[in-house]
Each structure stands twice: as C-alpha cells, then as structure tokens.
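Peer 1: Sharing a structure here in structure tokens format.
2 protein chains.
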Amino acid sequence: MGRGRTEMKRIHNDVSRRATFGKRRRGLLKKAGELAVLCGVDLGLLVFDDGGAGKLFDYCSPSTSWSELIERYESITNHKFQFQFQFQGIDHDDDDQQQLADLRRERDRLEASVRRQTGEDLPFAATAAELDDLEQRLECVLGEVREMKVHTSYTAHNSVLLTCPVFE
Amino acid sequence: MGRGRTEMKRIHNDVSRRATFGKRRRGLLKKAGELAVLCGVDLGLLVFDDGGAGKLFDYCSPSTSWSELIERYESITNHKFQFQFQFQGIDHDDDDQQQLADLRRERDRLEASVRRQTGEDLPFAATAAELDDLEQRLECVLGEVREMKVHTSYTAHNSVLLTCPVFE
DNA sequence: CGATCTATTTATAAGAA
DNA sequence: TTTCTTATAAATAGATC
Numbered sequence: 001m002g003r004g005r006t007e008m009k010r011i012h013n014d015v016s017r018r019a020t021f022g023k024r025r026r027g028l029l030k031k032a033g034e035l036a037v038l039c040g041v042d043l044g045l046l047v048f049d050d051g052g053a054g055k056l057f058d059y060c061s062p063s064t065s066w067s068e069l070i071e072r073y074e075s076i077t078n079h080k081f082q083f084q085f086q087f088q089g090i091d092h093d094d095d096d097q098q099q100l101a102d103l104r105r106e107r108d109r110l111e112a113s114v115r116r117q118t119g120e121d122l123p124f125a126a127t128a129a130e131l132d133d134l135e136q137r138l139e140c141v142l143g144e145v146r147e148m149k150v151h152t153s154y155t156a157h158n159s160v161l162l163t164c165p166v167f168e
Numbered sequence: 001m002g003r004g005r006t007e008m009k010r011i012h013n014d015v016s017r018r019a020t021f022g023k024r025r026r027g028l029l030k031k032a033g034e035l036a037v038l039c040g041v042d043l044g045l046l047v048f049d050d051g052g053a054g055k056l057f058d059y060c061s062p063s064t065s066w067s068e069l070i071e072r073y074e075s076i077t078n079h080k081f082q083f084q085f086q087f088q089g090i091d092h093d094d095d096d097q098q099q100l101a102d103l104r105r106e107r108d109r110l111e112a113s114v115r116r117q118t119g120e121d122l123p124f125a126a127t128a129a130e131l132d133d134l135e136q137r138l139e140c141v142l143g144e145v146r147e148m149k150v151h152t153s154y155t156a157h158n159s160v161l162l163t164c165p166v167f168e
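Residue numbers (the UniProt record's numbering), protein chains in the order written: chain Z, 1 to 168; chain E, 1 to 168.
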C-alpha cells in the first residue's frame, strides 16, 4: 500500500525500516483493537522493538488481561510455561499464593484498562469524523448538565455521565 | 474498506460478525507476519474464537517462541505470571507478604484511576457549584475539540482529554 | 462456512516540508 | 527528526454462489 509494491523481505535500509516499523506497528495495533471490538473476541498482540530502547508495544482486548490470555493459551495448547519457579520460597499458605495470583490478575486487568482509557494502547488517529463524534457527545453531556441545573433537586448526576459517557 | 463505513462497535448480526471475524482475523495474522519479516522484529499475536469450538489462532514471529515472548514480556513489565505452579509447600517469606502488600497498593491505585476516568467516583452529591464547575469544564473541552476541527491535521484527540480532563 | 467479485475505504511507501 | 501529503497498493463490506 503505497507507491510501489513491497518485497516481503527484511528492509535493509535503516531509515525505511524504522519508518515502516512505526507505521505498520501502529496499523497492526489499530487493527487488533478493531477486530476485538467489532467481533467481541479476546486477543492479545505483543511487539518488541529490539532497536536501542528495546521498547515493548502491546494490545490486549478489553475485559481480559495478558494473564488470562496466557492462561487460556496454555490450557488450549496444553503447553505450560515454566517461568518464575520460586524454589526457595515455597508458600506455606495456599491462600497466600491464591491471593497473589488473584491480585496479579486483577492488576493486569486494571492496567490494561487504564492503558486503553488513556489511549496509550490504541493510537487511533483522530479523524474529522471522530472529532465530530466527540463534539456531539460533549454537547450531549453539556446539555444534560445544564438541564440539571434547572431542577431544584437531584440525587446524583452520575446518571448523566454513565448514560452518556464521553470517554468510553 | 468495503462498501460503506464500518462503525467501530460490536457487530450484532451473527452472520456478518462471523464473516468479518474470518476476514479480519486472516488479515491481521497476515499483517503480523509481514511486520515481523519486513522489520525483523519479534512479535506474537493471540486470537481466541470463543464461539462454539473455542478455537485459537496465533502467530509468532520466526526465530522466537511464545515462551520467549512471554519471558521477555515479563522481564520488561516486571509482571510475573505464575500459573501451573502453586506449590503447596511451605512458605516462609516475608517477601510474599511484601508482594501482597505491594500488589494491593498497586491495585487500589489502578482502581482509583479507572474510577476517575469512568466518572464513577465523582459527584454523589452534586451541588449547584459543582454543576457549574462541570459545565465549565465541559465547555473547555468542547472548545478545544472545536478548535482542533479547524486545523487540517492533528495526531490524536487524546491530548485534549489529557490536557483538560473533565472528570479528574 | 469458504471462495469470488466489485466498490470503497484504509493503510502506507515515498516524498516533501 | 517528526509531520504532513499524496499516489497507490491492500484490505474488506456486502452480495452471490
């Protein structure tokens, strides 16, 4: 997609390769998010940038976490990853281990959630249409807020926010 | 890409959703492979098909493995996935207690963050003053959004949200 | 279900700024 | 370098088989 076909082999020119990496990586992350949303499936994408900083890019569909994904992958493939053996720290308390595992999962889920809401994960470039949409939503909320001001009493405007979430 | 725009929300029609899932899943897998080859990077993609068979689709770049990918993911994010190995042994470590405490703190922080972004926390008792404030903030964001629309180009609307958070 | 066949929308490779 | 532009290659929605 672009001016001229692209050979499916490693791009040797450093500059082009980096440029392509950035573009395609963003595109891939975007499409991963779209697939998850459109089809309501769980998925995860991990991309390592070995150059220099050794960054990591990843996407994990809403309502799941890498912990869960890996767990499911293991159960389906029957492959067990054997990391983190802690031979010298065997727990006396199953309960503790369980709690640790639960907490880690919970944390993963929340982190993913935060990343998504922050927009770190899904670099959807704002299109005019998206801005229009955002504007409309804002106006919706604003309208409701103003209407509330008219009433003498109300319990909570949470309902407004939840009914017409701007940042969903 | 296709006849008509596609709303970025779950496709409700079963037939369309499945068709789309098939097409986009193949497309995504293909692009993952292309990115890995063109840019010579390590990456992995996991897609679960929860419908019926509960199939799994995945791609892992050449010269690496899911084990490695997960290992690297762990080392970068500092997450420890401890599946399959709940030694009911004996633990001793204060280390565990420490970890538990750390994780709880982390979780609480993230939960708060999520709540804030969702707007759940806020306004249980909306006073007139608070409504005024909210209104003003909404207008602020709305203004920025409209200003963005004037520009021909922009990168992401995230900046607006982050710069002028309504529900902070 | 997949495989095909367009009409359109997207993604992007090269350049340009 | 990062960003923006633009010509083109690709992906894919919807219809059909």
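Using N, Cα and C, we set each Cβ at its ideal position, and we do this for glycine too.
In or out: Asp108 of chain Z buried (at least 16 other Cβ within 10 Å) or exposed?
Peer 2: Asp108 of chain Z comes out buried.
Peer 1: Could you tell me the alpha carbon to alpha carbon distance between Leu56 of chain E and Tyr73 of chain Z, rounded to whole angstroms?
Peer 2: Approximately 8 Å between the Cα atoms of the pair.
Peer 1: DSSP state of Gly44 of chain E, grouped into three classes?
Peer 2: Looking at Gly44 of chain E - three-state DSSP - the assignment turns out to be strand.
Peer 1: For Asp58 of chain Z, which residues in the same chain have their Cβ closer than 8 Å to its Cβ, ignoring the five residues on either side in sequence?
Peer 2: Correct list, in chain order: Gly44, Leu45, Leu46, Val47, Trp66 and Asp121.
Peer 1: Do Met8 of chain Z and Val41 of chain E have their CB atoms nearer than 8 Å?
Peer 2: Not a contact, by the Cβ cut-off of 8 Å.
Peer 1: Compare the beta carbon distance of Arg3 of chain Z and Leu35 of chain E with 8 Å and say whether it is the shorter of the two.
Peer 2: Against a cut-off of 8 Å, the Cβ pair of Leu35 of chain E and Arg3 of chain Z comes out as no contact.
Peer 1: Where Arg10 of chain Z and Leu28 of chain Z are concerned, what is the direct C-alpha to C-alpha distance, given to the nearest angstrom?
Peer 2: Each residue's Cα considered, the two are about 17 Å apart.
Peer 1: How is the alpha helix (DSSP H) around Lys23 of chain E delimited, first residue to last?
Peer 2: Per DSSP, Lys23 of chain E belongs to the alpha helix (DSSP H) from Asp14 to Cys39.
Peer 1: Is there a Cβ of chain Z sitting closer than 8 Å to that of Lys30 of chain E, yes or no?
Peer 2: So, not an interface residue.
Peer 1: Given that Leu50 of chain E touches chain Z, what residues does it touch there, using C-beta distances under 9 Å?
Peer 2: Residue identity differs from the one stated: residue 50 of chain E is Asp in this sequence, not Leu. Chain Z residues near Asp50 of chain E: Gly40, Val41 and Asp42.
Peer 1: Check the C-beta distance from Ala30 of chain E over to Lys31 of chain Z and give it rounded, since I have them as a contact under 8 Å.
Peer 2: The question names Ala, yet the displayed sequence has Lys at residue 30 of chain E. The pair is not a contact, with the Cβ atoms about 10 Å apart (cut-off 8 Å).
Peer 1: Flag this pair as yes or no: are the beta carbons of Ile70 of chain E and Ile70 of chain Z separated by less than 8 Å?
Peer 2: Contact flag set, yes.
Peer 1: List, in order along the chain, the chain E residues whose C-beta lies closer than 7 Å to that of Asp14 of chain Z?
Peer 2: Near Asp14 of chain Z there are no residues of chain E at all, since even the closest Cβ is about 11 Å away, more than 7 Å.
Peer 1: In the DSSP assignment, the beta strand (DSSP E) including Lys55 of chain E goes from what residue to what residue?
Peer 2: Lys55 of chain E -> beta strand (DSSP E) spans Lys55 to Cys60.
Peer 1: Hey, could you find the ends of the alpha helix (DSSP H) Glu71 of chain Z is sitting in?
Peer 2: Unbroken alpha helix (DSSP H) run through Glu71 of chain Z: Trp66 to Thr77.
Peer 1: Would you say Thr20 of chain E and Cys60 of chain Z are within 8 Å of each other, going by their C-beta atoms?
Peer 2: Cβ distance not < 8 Å, so Thr20 of chain E and Cys60 of chain Z don't count as in contact.
Peer 1: Can you tell me whether Gly33 of chain Z is buried or exposed, with buried defined as 16 or more other CB within 10 angstroms of its CB?
Peer 2: By the neighbour-count rule (16 or more Cβ atoms within 10 Å), Gly33 of chain Z is buried.
Peer 1: Note down, in chain order, each residue of its chain lying with its Cβ closer than 7 Å to the Cβ of Thr6 of chain Z, except the 5 sequence neighbours on either side.
Peer 2: There are no such residues.
Peer 1: Using three-state DSSP, classify Asp108 of chain Z as helix, strand or coil.
Peer 2: Note: Asp108 of chain Z maps to helix in three-state DSSP.
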